[in-house]
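Enquirer: Right, I'll just put the structure down here and ask away after.
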Amino acid sequence: MRPVTFLIFSLYANFLLSLGAVTFTDVTSEIGLDFKHTDGRSGRFYFLEELGSGAAFFDYDNDNDLDIYFVNGSNLPGHNSAKRPINQLYQNDGRGKFTDVTLQAGVGDLGYGVGCCVGDYNNDGYLDLYVTNYGNNVLYQNNGNGTFADVTDQANVGDSRWGSGCAFADYDNDGDLDLYVANYVQFDFEKHKTCRFNDVETYCQPQDFQGESDLLYQNNGNGTFTDVTQEAGVYNSRGRGLGVVWGDYDNDKDPDIYVANDTNDNYLYQNNGHGKFTNVAFYAGVALGENGEMGSGMGTDFGDFNNDGFLDLIVTNFQDEVAILYKNEGNGFFSDITYISGMGEKTLSTLGWGTAFFDYDNDGDKDLFIANGHVCDNINQIYPEKTYPQTNQLFENLGNEVFREVATFIGSGSHQKTSSRGATFGDYDNDGDIDILITNSNRKAQFLRNDGGNQKNWIKVQIIGETSNRSGVGTRVEVTCKDLVQIAEVKSGASYLCQNDFILHFGLDGYDAIDKIIATFANGSICEIKQVSVNQTIQIFESGKSKTL
14 MRPVTFLIFS LYANFLLSLG AVTFTDVTSE IGLDFKHTDG RSGRFYFLEE
64 LGSGAAFFDY DNDNDLDIYF VNGSNLPGHN SAKRPINQLY QNDGRGKFTD
114 VTLQAGVGDL GYGVGCCVGD YNNDGYLDLY VTNYGNNVLY QNNGNGTFAD
164 VTDQANVGDS RWGSGCAFAD YDNDGDLDLY VANYVQFDFE KHKTCRFNDV
214 ETYCQPQDFQ GESDLLYQNN GNGTFTDVTQ EAGVYNSRGR GLGVVWGDYD
264 NDKDPDIYVA NDTNDNYLYQ NNGHGKFTNV AFYAGVALGE NGEMGSGMGT
314 DFGDFNNDGF LDLIVTNFQD EVAILYKNEG NGFFSDITYI SGMGEKTLST
364 LGWGTAFFDY DNDGDKDLFI ANGHVCDNIN QIYPEKTYPQ TNQLFENLGN
414 EVFREVATFI GSGSHQKTSS RGATFGDYDN DGDIDILITN SNRKAQFLRN
464 DGGNQKNWIK VQIIGETSNR SGVGTRVEVT CKDLVQIAEV KSGASYLCQN
514 DFILHFGLDG YDAIDKIIAT FANGSICEIK QVSVNQTIQI FESGKSKTL
């Protein structure tokens with residue numbers, strides 16, 4: 014960007030901040046991120062090229078700031094490149110800069126990468142990393158000294174299908190993290206074909222490929238996992254799974270699973286508390302898309318947008334469909350309020366991927382972000398009114414179940430349309446507001462710093478399990494400020510192929526004191542802390558202790 018243009022953007026940003034506005038500034042280059050995604054395309058339209066890849070916000074070195082892991086694709090037949098793409102890990106120095114430490118850390122997987130998720134599966138106090146691939150998935154065990162070890166074979170989690178979304182959770186409440194892995198379709202280079210639409214050669218559709226069953230791995234507690242997909246009741250060969258999120262939607266104190274499937278009914282696996290799941294998606298009203306038709310589920314997230322104590326649901330879909338917002342009615346059923354909320358018309362013309370409920374302006378309710386981009390880079394040749402690059406969207410929660418699209422993206426590059434995929438969320442600079450990291454298909458990633466979101470008060474909560482899993486996954490936290498009561502759960506995975514920060518963030522609007530924080534751990538134990546100061550990060554231990562970071 015030219016200096017004059019940058020100056021204009023800076024002056025505009027300062028003007029907006031002076032008015033109390035929240036803005037997002039593209040600081041990708043400024044903070045040292047130079048990751049560029051490669052899908053290996055060569056004009057042969059391999060179906061593999063469409064999905065893009067994800068990223069993770071996680072504190073791998075336990076220094077209390079967020080580091081970043083990017084998943085990358087690989088070269089495909091016909092792709093001319095002397096450089097082989099590699100996944101990359103960037104270390105946060107705590108002063109706003111990132112350094113590529115991939116080689117030192119030993120996490121530079123060279124497979125055709127898709128997604129990732131994080132969790133302390135061995136309860137040693139350090140976050141481990143799971144990466145899905147087209148081909149063998151990889152489990153990296155964190156050694157606690159800045160390096161990782163590939164323990165895939167020992168752990169028995171190296172499935173060789175086309176993995177996509179993944180997420181850890183302790184579904185059997187035995188104190189260690191289990192792992193759910195979504196699989197997409199059966200793709201074989203030897204059987205590759207292209208398709209034609211409006212006499213234009215392009216990619217085929219998901220329906221042209223056989224789906225795959227997802228996988229559920231039970232943690233044995235000794236560094237190994239057992240595939241319990243069949244026994245647990247989550248086997249389904251029609252699959253085409255992409256986004257995955259765990260959450261206790263029915264408030265029965267065990268984690269349930271939601272899977273967004275592409276051109277297939279979505280799954281809501283209700284946990285019966287005894288190691289078994291039942292798909293209740295049709296019963297609950299979250300299986301199908303608009304007008305009762307099969308949707309093209311991409312990304313998904315659970316979050317309580319209306320502060321009623323029940324987790325609501327967002328699912329992103331294909332262009333000419335909508336991103337569906339489901340309100341949890343609290344009785345086992347969900348209501349589709351997409352058009353009532355104002356999001357229907359706004360998401361009909363976009364193709365959505367990464368998404369999350371998060372409070373970008375710290376006003377005490379959850380807003381929504383959606384990363385957009387088409388799958389076909391020649392879509393405008395087929396349908397001239399459609400484009401491959403698209404604008405990402407931020408929706409402000411106005412209360413009363415209404416959302417308004419807001420344009421708060423300013424700064425270098427943030428107005429440029431691209432074909433985005435993953436979106437991950439966390440407070441990288443520890444200033445009390447949530448920043449956004451976006452992965453783009455075949456382009457550089459984009460980092461949007463939240464400027465001004467911390468003008469209102471906030472609290473961040475880090476959960477430390479002791480008898481339950483160490484990283485606190487599945488813990489529900491309730492924050493009460495007089496009549497403002499909010500909940501959130503510590504989650505692995507979610508969004509689309511991504512991992513958000515484990516530290517929970519709550520905007521507190523104008524409240525200057527917190528009456529109480531209640532943490533209900535995965536094993537049912539409860540810790541309550543009263544009279545907590547605002548604008549700090551607090552660690553809550555399962556034993557009842559707490560401390561400020």
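Converting from the sequence shown to our numbering requires adding 13 to each position, the first position being numbered 1. For every residue, glycine included, the Cβ atom is placed at its ideal position computed from N, Cα and C. Fair warning: this is a prediction, and the values are worked out from it, not measured in the lab.
Excluding the 5 residues flanking LEU517 on each side, which residues of the same chain have their C-beta closer than 7 Å to its C-beta?
Expert: What you label residue 517 is simply residue 504 of the sequence shown in a count that begins at 1. Correct list, in chain order: LYS473, VAL474, VAL490, ALA501 and VAL503.
Enquirer: Name the two residues that bound the continuous alpha helix (DSSP H) containing LYS359.
Expert: Numbered from its first residue, the sequence shown carries residue 359 at position 346. From DSSP, the alpha helix (DSSP H) with LYS359 extends over 357-360.
Enquirer: In the DSSP assignment, the beta strand (DSSP E) including GLN403 goes from what residue to what residue?
Expert: To locate residue 403, count along the sequence shown from 1; it is residue 390. From DSSP, GLN403 is part of no beta strand (DSSP E); its letter is neither H nor E.
Enquirer: Secondary structure at GLU502, three-state DSSP: helix, strand or coil?
Expert: Position 489 of the sequence shown, counted from the first residue, corresponds to residue 502. When DSSP states are grouped into helix, strand and coil, GLU502 belongs to the strand group.
Enquirer: For ASN196 and ASN150, I'd like the C-alpha separation in whole angstroms.
Expert: Indexing the sequence shown from 1 puts residue 196 at position 183. Indexing the sequence shown from 1 puts residue 150 at position 137. Each residue's alpha carbon lies about 11 Å from the other.
Enquirer: Mark ASP52 as exposed unless 16 or more other C-beta atoms lie within 10 angstroms of its C-beta, in which case mark it buried.
Expert: Reading the sequence shown from its first residue, position 39 is the one you call residue 52. Result: buried.
Enquirer: I'd like to know if PHE318 contacts chain C, where contact means its C-beta is closer than 7 Å to some C-beta of that chain.
Expert: Of the protein chains in this structure there is only one, and it is not chain C.
Enquirer: Please report the residue range of the alpha helix (DSSP H) in which THR115 lies.
Expert: Sequence index remark: in the sequence shown, residue 115 carries index 102 (1-based). Note, THR115: alpha helix (DSSP H), 115-118.
Enquirer: Express the C-alpha separation of ASP263 and GLY424 in angstroms, rounding to a whole number.
Expert: Locating residue 424 in the sequence shown gives position 411, counting from the first residue. Locating residue 263 in the sequence shown gives position 250, counting from the first residue. Low local confidence applies: a pLDDT of 46 at GLY424 is under 50, so the model's placement there is unreliable, and no value is given.
Enquirer: Which partner residues does THR99 have in the DSSP bridge list?
Expert: Along the sequence shown, read from residue 1 onward, the residue named residue 99 stands at position 86. For the record, residue 99 in the displayed sequence is Ile; it is not Thr. The partner list for ILE99 (beta bridge, DSSP) is empty, contrary to what the question assumes.
Enquirer: To the nearest whole angstrom, what separates the beta carbons of VAL120 and ASN100, a pair I think is in contact under 8 Å?
Expert: Locating residue 120 in the sequence shown gives position 107, where the first residue counts as 1. Locating residue 100 in the sequence shown gives position 87, where the first residue counts as 1. Indeed, because the Cβ distance is near 6 Å, the residues count as touching under 8 Å.
Enquirer: Closest by CA to ASN92, which one among GLN283, GLN512 and ASN455?
Expert: As a working mapping, residue 92 is identified with position 79 in the sequence shown. This sequence places His at residue 92; Asn is not what is there. Answer by Cα proximity: ASN455.
Enquirer: Out of LEU140, ALA162, GLY132 and VAL127, which one is the CA nearest neighbour of GLY148?
Expert: On the sequence shown, position 135 is the one that residue 148 refers to. Of the candidates LEU140, ALA162, GLY132 and VAL127, the one whose C-alpha sits nearest the C-alpha of GLY148 is VAL127.
Enquirer: Mind checking TYR59: buried by the 16 CB within 10 Å criterion, or exposed?
Expert: As a first step, residue 59 must be located in the sequence shown, where it is residue number 46. Buried, by the Cβ-count rule.
Enquirer: Can you tell me whether DSSP reads GLY369 as helix, strand or coil?
Expert: To locate residue 369, count along the sequence shown from 1; it is residue 356. As written in the sequence, residue 369 is Ala, which differs from the Gly given in the question. Collapsing the DSSP output to three states places ALA369 in a strand.
Enquirer: For SER508, write down the residues that DSSP places opposite it in a beta bridge.
Expert: Reading the sequence shown from its first residue, position 495 is the one you call residue 508. THR313, per the DSSP bridge assignment.
Enquirer: Is any heavy atom in the ligand MG found nearer than 6 Å to the beta carbon of ARG483?
Expert: No copy of the ligand MG appears in this structure; indeed no ligand is present at all.
Enquirer: Roughly how many angstroms lie between the CA atoms of HIS387 and ASN470, to the nearest whole one?
Expert: Residue numbering aside, residue 387 sits at position 374 when the sequence shown is read from its first letter. Residue numbering aside, residue 470 sits at position 457 when the sequence shown is read from its first letter. Cα to Cα, the separation comes out at about 37 Å.
Enquirer: Quick check on the DSSP output: what are the complete alpha helix (DSSP H) runs of length 4 or more inside the segment 259-313, in order along the chain?
Expert: 294-297
Enquirer: Quick check: the Cα distance between ASN446 and VAL241, rounded to an integer number of angstroms?
Expert: For this step, residue 446 is matched to residue 433 along the sequence shown. For this step, residue 241 is matched to residue 228 along the sequence shown. In the sequence as displayed, the identity of residue 446 is Asp instead of Asn. Rounded to the nearest angstrom, the two C-alpha atoms are 39 Å apart.
Enquirer: Near GLY322, which residues of its chain fall below 7 Å by C-beta distance, leaving aside the five closest residues on each side in sequence?
Expert: Along the sequence shown, read from residue 1 onward, the residue named residue 322 stands at position 309. Taken in chain order, the residues that qualify are ILE500.
Enquirer: Please classify ASN2: is it buried, with 16 or more other beta-carbons within 10 angstroms of its beta-carbon, or exposed?
Expert: Nothing can be reported for residue 2, as the shown portion of the chain is limited to 14 through 562.
Enquirer: When the distance is taken between beta carbons, is GLY537 closer than 7 Å to ALA182?
Expert: Taking the sequence shown and counting its residues from 1, the one referred to as residue 182 is at position 169. Taking the sequence shown and counting its residues from 1, the one referred to as residue 537 is at position 524. Their beta carbons are not under 7 Å apart, which means ALA182 does not touch GLY537 by this criterion.
Enquirer: Just confirm the distance between the C-beta atoms of ASN393 and GLN406, as a whole number of angstroms; I'd bet it's less than 8 Å.
Expert: Start at 1 with the first residue of the sequence shown, and residue 393 comes out as number 380. Start at 1 with the first residue of the sequence shown, and residue 406 comes out as number 393. Incorrect: roughly 20 Å between the Cβ atoms, too far for contact.
Enquirer: Starting from GLN220, trace the alpha helix (DSSP H) both ways and give me its first and last residue.
Expert: In the sequence shown, residue 220 corresponds to position 207, counting from 1. Where GLN220 is concerned, there is no enclosing alpha helix (DSSP H), given that its DSSP letter is neither H nor E.
Enquirer: Within the chosen definition, does the segment 428-437 reach the segment 505-524 through at least 3 CB pairs nearer than 8 Å?
Expert: Result yes; three or more Cβ-Cβ pairs closer than 8 Å.
Enquirer: Around the C-beta of LEU192, are 16 or more other C-beta atoms found within 10 angstroms, so that it is buried, or is it exposed?
Expert: Locating residue 192 in the sequence shown gives position 179, where the first residue counts as 1. Its Cβ being crowded by 16 or more others within 10 Å, LEU192 is buried.
Enquirer: Locate the alpha helix (DSSP H) running through ASN393, then write down its first and last residues.
Expert: One-based indexing of the sequence shown puts residue 393 at position 380. Run containing ASN393: 392-395, per the alpha helix (DSSP H) assignment.
Enquirer: Between THR313, LYS289, LEU326 and VAL247, which lies nearest to ASN341 when the distance is taken from Cα to Cα?
Expert: Taking the sequence shown and counting its residues from 1, one reaches residue 341 at position 328. When only C-alpha atoms are compared, the closest one is LEU326.
Enquirer: Count the other CB atoms, across all protein chains shown, that sit within 10 Å of the CB of PHE295; report buried if there are 16 or more and exposed otherwise.
Expert: On the sequence shown, residue 295 is found 282 positions in, with the first residue counted as 1. With fewer than 16 Cβ atoms within 10 Å of its Cβ, PHE295 is classed as exposed.
Enquirer: Count the other C-beta atoms from every protein chain shown that fall within 10 angstroms of the C-beta of ARG174, then say buried if there are 16 or more, exposed otherwise.
Expert: Residue numbering aside, residue 174 sits at position 161 when the sequence shown is read from its first letter. By the neighbour-count rule (16 or more Cβ atoms within 10 Å), ARG174 is buried.
Enquirer: Using the Cα positions of SER427 and ILE477, report the straight-line distance between them to the nearest angstrom.
Expert: Here residue 427 is taken as the residue at index 414 of the sequence shown, counted from 1. Here residue 477 is taken as the residue at index 464 of the sequence shown, counted from 1. Note that SER427 scores a pLDDT of 49, beneath 50, so its modelled location is shaky and nothing firm can be said.
Enquirer: Just confirm the distance between the C-beta atoms of GLY157 and TYR125, as a whole number of angstroms; I'd bet it's less than 8 Å.
Expert: Translated into the one-based positions of the sequence shown, residue 157 becomes position 144. Translated into the one-based positions of the sequence shown, residue 125 becomes position 112. Not quite, the Cβ-Cβ distance comes to about 29 Å (not below 8 Å), so this is no contact.
Enquirer: What three-state label does DSSP hand ASN467 in the structure shown?
Expert: Position 454 of the sequence shown, counted from the first residue, corresponds to residue 467. Helix.
Enquirer: Quick one: Cα of ASP261 to Cα of SER55, how far?
Expert: The count along the sequence shown starts at 1 and reaches residue 261 at position 248. The count along the sequence shown starts at 1 and reaches residue 55 at position 42. Using only the alpha carbons, I get a separation of about 43 Å.
Enquirer: Given this structure, state the Cα-to-Cα distance separating PHE318 from LYS379, to the nearest angstrom.
Expert: In the sequence shown, counting from the first residue as 1, residue 318 sits at position 305. In the sequence shown, counting from the first residue as 1, residue 379 sits at position 366. Whole-angstrom Cα-Cα distance: 5 Å.
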